[in-house]
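Undergrad: Handing you a structure now.
2 protein chains.
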Amino acid sequence: MSTITDVARVAGVSVATVSRALRGLDRVSPATRRRVLEVAEELHYVASPTATSLASGRTRVVAVVAPFLSRWYFATLVSAIEKELRAHDHHAILFDLEDETFDSRLPLTQNMLWKRVDGVISLDVAMVPDEVELVDRLGLPLVAIGSPVPGRPFVGIDDRAAMRTAVEHLVALGHERIGYIGVVPQNVAHVRAPQDRLASFLATMDDRGLEVPDGWVLGSDWTADAAARDCADLLSGPDRPTALVAASDEMAIGVRETARRLGLDVPRDLSVVGIDDFMLSEVLGLTTVRQDVTAQGRAAAALLLQALGEDPPAAPAELVVPTELVVRESTAAPAAVAPTPL
Amino acid sequence: MSTITDVARVAGVSVATVSRALRGLDRVSPATRRRVLEVAEELHYVASPTATSLASGRTRVVAVVAPFLSRWYFATLVSAIEKELRAHDHHAILFDLEDETFDSRLPLTQNMLWKRVDGVISLDVAMVPDEVELVDRLGLPLVAIGSPVPGRPFVGIDDRAAMRTAVEHLVALGHERIGYIGVVPQNVAHVRAPQDRLASFLATMDDRGLEVPDGWVLGSDWTADAAARDCADLLSGPDRPTALVAASDEMAIGVRETARRLGLDVPRDLSVVGIDDFMLSEVLGLTTVRQDVTAQGRAAAALLLQALGEDPPAAPAELVVPTELVVRESTAAPAAVAPTPL
DNA sequence: CTGAAAGCGCTTACAG
DNA sequence: CTGAAAGCGCTTACAG
């Protein structure tokens, strides 16, 4: 493969001129620019990104860090980010911080970032002070999705509002006996949504003057499998809720399945609502509060690109993407209020 | 941040010595190595990857290319690959080749690869000759997952065997009226599994002397949503199969849902089987032929690392990961053979 | 065992 | 508008 020196030689100019011509800088005569372009084409010249990076100090790659990578929400974000970056001649390098255990994650290190990336996009990772300081020390712009980092651009949804929408949908249908699934252990401090959604559930119930009995607020690791198990006791007992709100659609799917196995009809005997509008929610007829994950990924990438650009904005943007209730077949009035709605 | 020159200065040695000491090369006295390590630690020195790359010619990053990124299979692969690479001090850069339309993808270009990566892992992308030649010309090792590239290391499952297992499971249960969903348009030549699975379905049915009526082999774009729609006509007609095999679990889930909506009991009125053991297959009780996607990703990364290592293997490895029938609740003997199995 | 020097392939003031 | 030269921060023979 040819280098800038080859191009300079056959075009009969200096490497400096080739560099300028190829990058579209001014102060190159149209004629020599044309010539250089021609020769570069001929030789299939592509600048070495590593040499360019060393000389310019910019890598044109951004770190995408996430606590999990294989889950729908994260994979969707990554896909959107990668496309937006590539459209602007940047690239995404991945850091999956997932640990063996659900309740911890790997730390962000200098090794991952230093001279390797121009910026970082964090996907719902609640950064600890040391990590924020590291990113600062390295002078890297950071944009956060999902879990905000104080003082940095943020893209996400209003988790509290989303949860409130879900609960109020049930209340409007006439439900008063409502349970919750998606509580996460205290030490899972590295993602924020679980905390906000739970807090909002409790607050909304309280606002409505609705009691939440002991044992109706269930823990889960946010997978469908676990949720299916975690709600089994509550749903098989005699004193069960008429509706269960899940902090995510994947959990809602697990709940719905367990209900069916126990012989409960959804929604007649149990209403189920989630948050996300997960890939399978539509086909499964799940009522949910939709968030547009692709839009969030794209917006975050655009913000980072902007921070990397000519005139970065002074104040950090805060983009709260709206959510929307999507009513499908997993919710209905409770049987007591409207007997046998089917 | 400090450079190798800083470390050399305060350690009182040359940069060459620092370089050797830090990389663990021999021909450095234990004493000076210790000293260099100390100073490097003190100064929080981390070598600039871009400078190292330019000097050494190796980037320690590998390109991961995929026709989609947000789907379960691909996201799971990416996660496994990234972890394996990072454990060996390498990194993954992503290329999502997804196009606007389902039936095409973006091409792999020199821009993506040249001097940017040391090798490439392709996730089920059936490469065209131009792309293979490009990778060759750039001297990059390539390992393929899912769709083999002739002469290159390959990791995947035996798609034909997997499909045969699914079909024979149904036949063993007594099914004779079996349909198929997952045919893809002719021009979708960039992924291989659809072709192999269809061919194997047809071949197995033929082996068993079973007819496949016109209209019982259905097209779909391999999403659950589409599959749910695509099978609706067949399942609502009077002359319908007793079992449907889906080329993927996601489609199987769509089929199962449509069947239920039409008032058909699964498995009593319709057996459904898929391939994958998708994230939600267990909780949904779907019978499937399981493949271990994480193992495939990890193995592919290991093979690439090996190709990048000291003594790369002469012959390209071919790793066919076994698949396994997992019988759950979506399949049973057809009603005619064993009436009302529930 | 250690250092001086060339080289990796670009970009970027600085002259002209 | 164009070129010569320094510099980005490492690695790698080559001497010693």
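Heads up: the protein sequence lines correspond to chains A and B, in order.
Taking the numbering used here, the leading residue of the first sequence gets 1, the next gets one more, and so forth.
Taking the numbering used here, the leading residue of the second sequence gets 1001, the next gets one more, and so forth.
C-beta: ideal position from N, C-alpha, C; glycine also.
What did DSSP end up calling B/S1019 once you bin it into helix, strand or coil?
TA: Within the second sequence, numbered from 1, the residue matching residue 1019 of chain B stands at position 19. The answer is helix: DSSP assigns B/S1019 an H, G or I state.
Undergrad: Could you check if B/R1116 belongs to the surroundings of the ligand HEM, using beta carbon to heavy atom distance under 7 Å?
TA: As presented, the structure is devoid of all ligands, the ligand HEM included, so that no description of it is given.
Undergrad: Applying a beta-carbon distance threshold of less than 8 Å, which residues of chain A neighbour B/R1116?
TA: The residue you call residue 1116 of chain B lines up with position 116 of the second sequence. Correct list: P49, T50, H91.
Undergrad: Looking at chain B, which residues of the region 279-307 of chain A have a Cβ within less than 8 Å of any of its Cβ atoms?
TA: Result list: M279, L280, E282, V283, L284, G285.
Undergrad: What does the alpha-carbon distance come out to for the pair A/S236 and A/I181?
TA: To locate residue 236 of chain A, count along the first sequence from 1; it is residue 236. To locate residue 181 of chain A, count along the first sequence from 1; it is residue 181. Going from the Cα of A/S236 to the Cα of A/I181 covers about 15 Å.
Undergrad: Give the DSSP bridge partners of B/A1295, in chain order.
TA: Along the second sequence, read from residue 1 onward, the residue named residue 1295 of chain B stands at position 295. Answer is none; B/A1295 lacks a bridge partner.
Undergrad: Taking the straight line between their C-alpha atoms, what separation do you get for A/M205 and B/R1298?
TA: For the purposes of this step, residue 205 of chain A is taken as residue 205 along the first sequence, with counting starting at 1. For the purposes of this step, residue 1298 of chain B is taken as residue 298 along the second sequence, with counting starting at 1. C-alpha separation (whole angstroms): 46 Å.
Undergrad: Considering only residues of the same chain and omitting the five flanking positions on each side of B/S1104, which have a CB-CB separation below 7 Å?
TA: As a working note, residue 1104 of chain B is residue 104 in the second sequence. Once the five neighbours on either side are set aside, B/S1104 has no close Cβ partner at all.
Undergrad: Under the assumption that B/I1093 contacts B/V1117 (Cβ atoms under 8 Å), give the Cβ distance between them as a whole number of angstroms.
TA: Position 93 of the second sequence holds residue 1093 of chain B. Position 117 of the second sequence holds residue 1117 of chain B. That pair is a contact at about 6 Å.
Undergrad: Of all the CB atoms in chain B, is at least one closer than 8 Å to the CB of A/V144?
TA: The residue labelled residue 144 of chain A in the question sits at position 144 within the first sequence. Reading off the sequence shown, one finds Ala at residue 144 of chain A, where the question assumed Val. No - not a single Cβ of chain B is within 8 Å of the one on A/A144.
Undergrad: Helix or strand or just coil, what does DSSP make of B/T1288?
TA: As a position in the second sequence, residue 1288 of chain B is number 288, starting the count at 1. B/T1288: strand per DSSP, three-state reduction.
Undergrad: With burial defined as no fewer than 16 other Cβ atoms inside 10 Å of the residue's Cβ, what is the status of B/S1330: buried or exposed?
TA: Taking the second sequence and counting its residues from 1, one reaches residue 1330 of chain B at position 330. By the neighbour-count rule (16 or more Cβ atoms within 10 Å), B/S1330 is buried.
Undergrad: Report back the beta-carbon spacing between A/V36 and A/V65 to the nearest angstrom; my notes put them in contact at under 8 Å.
TA: Against the first sequence, residue 36 of chain A aligns to sequence position 36. Against the first sequence, residue 65 of chain A aligns to sequence position 65. That belief does not hold up - the Cβ atoms of A/V36 and A/V65 are roughly 39 Å apart, past 8 Å.
Undergrad: Report back the beta-carbon spacing between B/A1021 and B/V1028 to the nearest angstrom; my notes put them in contact at under 8 Å.
TA: Within the second sequence, the letter at position 21 stands for residue 1021 of chain B. Within the second sequence, the letter at position 28 stands for residue 1028 of chain B. About 5 Å; that satisfies the 8 Å criterion.
Undergrad: Throw me the rounded Cβ distance for the A/L308 and A/G24 pair, which I believe falls under 8 Å.
TA: For the purposes of this step, residue 308 of chain A is taken as residue 308 along the first sequence, with counting starting at 1. For the purposes of this step, residue 24 of chain A is taken as residue 24 along the first sequence, with counting starting at 1. That belief does not hold up - the Cβ atoms of A/L308 and A/G24 are roughly 18 Å apart, past 8 Å.
Undergrad: How big is the Cα-Cα spacing for B/V1171 and B/R1177?
TA: Mapped onto the second sequence, residue 1171 of chain B falls at position 171. Mapped onto the second sequence, residue 1177 of chain B falls at position 177. Near 9 Å, if we compare the C-alpha coordinates of B/R1177 and B/V1171.
Undergrad: Quick check on A/T109: buried or exposed, where buried means 16 or more other Cβ atoms within 10 Å of its Cβ?
TA: Counted from its first residue, the first sequence places residue 109 of chain A at position 109. Label assigned to A/T109: exposed.
Undergrad: Report the three-state DSSP secondary structure of B/L1170 (helix, strand or coil).
TA: Here the question's residue 1170 of chain B lines up with position 170 in the second sequence. Helix.
Undergrad: For B/L1198, which residues in the same chain have their Cβ closer than 6 Å to its Cβ, ignoring the five residues on either side in sequence?
TA: Sequence index remark: in the second sequence, residue 1198 of chain B carries index 198 (1-based). The residues are V1183.
Undergrad: Using a 10 Å radius around the Cβ and a threshold of 16 neighbouring Cβ atoms, would you call B/H1090 buried or exposed?
TA: One-based indexing of the second sequence puts residue 1090 of chain B at position 90. Buried is the call here.
Undergrad: Which value, in whole angstroms, describes the spacing of the CA atoms of A/H169 and A/A162?
TA: Counting from 1 along the first sequence, the entry for residue 169 of chain A is found at position 169. Counting from 1 along the first sequence, the entry for residue 162 of chain A is found at position 162. Near 11 Å, if we compare the C-alpha coordinates of A/A162 and A/H169.
Undergrad: CA-CA distance, B/P1191 and B/F1074?
TA: Counting from one through the second sequence, the residue named residue 1191 of chain B turns up at place 191. Counting from one through the second sequence, the residue named residue 1074 of chain B turns up at place 74. As written in the sequence, residue 1191 of chain B is Val, which differs from the Pro given in the question. The alpha-carbon atoms of B/V1191 and B/F1074 are separated by roughly 12 Å.
Undergrad: Going by beta carbon distance, what residues of the same chain come within less than 7 Å of A/M251, once the five residues before and after it are set aside?
TA: Start at 1 with the first residue of the first sequence, and residue 251 of chain A comes out as number 251. The residues are I181, G182, S220, W222, A224, A227, G274.
Undergrad: In chain order, what residues of the same chain lie with their CB nearer than 6 Å to the CB of A/T3, ignoring the 5 residues before and after it?
TA: Your numbering for residue 3 of chain A matches position 3 in the first sequence. Around A/T3: no qualifying Cβ.
Undergrad: By a C-beta neighbour count over all protein chains shown, 10 Å radius and 16 as the cutoff for buried, is A/R71 buried or exposed?
TA: Numbered from 1 along the first sequence, position 71 holds the residue referred to as residue 71 of chain A. Looking at its Cβ environment, which holds 16 or more other Cβ atoms inside 10 Å, A/R71 is buried.
Undergrad: Check whether the Cβ atoms of A/E246 and A/V217 sit closer than 8 Å, and answer yes or no.
TA: For this step, residue 246 of chain A is matched to residue 246 along the first sequence. For this step, residue 217 of chain A is matched to residue 217 along the first sequence. The sequence shown places Ala at residue 246 of chain A, not Glu. No. Outside cutoff.
Undergrad: Taking Cβ-Cβ distances below 8 Å as the criterion, which residues of the region 1030-1046 of chain B are in contact with chain A?
TA: The residues in question are H1044, V1046.
Undergrad: To the nearest angstrom, how far is the alpha carbon of B/A1031 from that of B/E1038?
TA: The sequence position of residue 1031 of chain B within the second sequence is 31, counting from 1. The sequence position of residue 1038 of chain B within the second sequence is 38, counting from 1. Approximately 11 Å between the Cα atoms of the pair.
Undergrad: Please decide whether A/S70 counts as near chain B, where near means a Cβ-Cβ distance under 8 Å.
TA: Within the first sequence, residue 70 of chain A is the residue found at index 70, counting from 1. Yes, its Cβ sits closer than 8 Å to a Cβ of chain B.
Undergrad: Find the nearest neighbour of A/E98 within the set B/R1086, B/E1098, B/D1196, B/P1150, judged by alpha-carbon distance.
TA: In the first sequence, residue 98 of chain A corresponds to position 98, counting from 1. Cα-wise, what sits closest to A/E98 is B/R1086.
Undergrad: B/G1215 versus chain A: which residues are under 8 Å apart at the beta carbon?
TA: Here the question's residue 1215 of chain B lines up with position 215 in the second sequence. The premise fails here: B/G1215 is roughly 22 Å from chain A at the closest Cβ pair, so nothing lies under 8 Å.
Undergrad: Kindly indicate which three-state DSSP category B/Y1073 falls into: helix, strand or coil?
TA: Within the second sequence, residue 1073 of chain B is the residue found at index 73, counting from 1. Looking at B/Y1073 - three-state DSSP - the assignment turns out to be helix.
Undergrad: Would you call the region 151-160 of chain A and the region 317-332 of chain A touching, i.e. three or more CB-CB distances under 8 Å?
TA: Contact between the region 151-160 of chain A and the region 317-332 of chain A is present, because at least three Cβ pairs lie under 8 Å.
Undergrad: Is the separation between the beta-carbon of A/T165 and that of A/V289 shorter than 8 Å?
TA: Counting from one through the first sequence, the residue named residue 165 of chain A turns up at place 165. Counting from one through the first sequence, the residue named residue 289 of chain A turns up at place 289. Yes.
Undergrad: Can you pull the chain B residues whose beta carbon is under 7 Å from the beta carbon of A/Q195, in chain order?
TA: Working through the first sequence from its first residue, we reach residue 195 of chain A at position 195. Residues of chain B passing the Cβ test: none, with the nearest at roughly 24 Å.
Undergrad: Residues of chain B with CB closer than 8 Å to the CB of A/T76, please, in chain order.
TA: Locating residue 76 of chain A in the first sequence gives position 76, where the first residue counts as 1. Residues of chain B passing the Cβ test: S1070.
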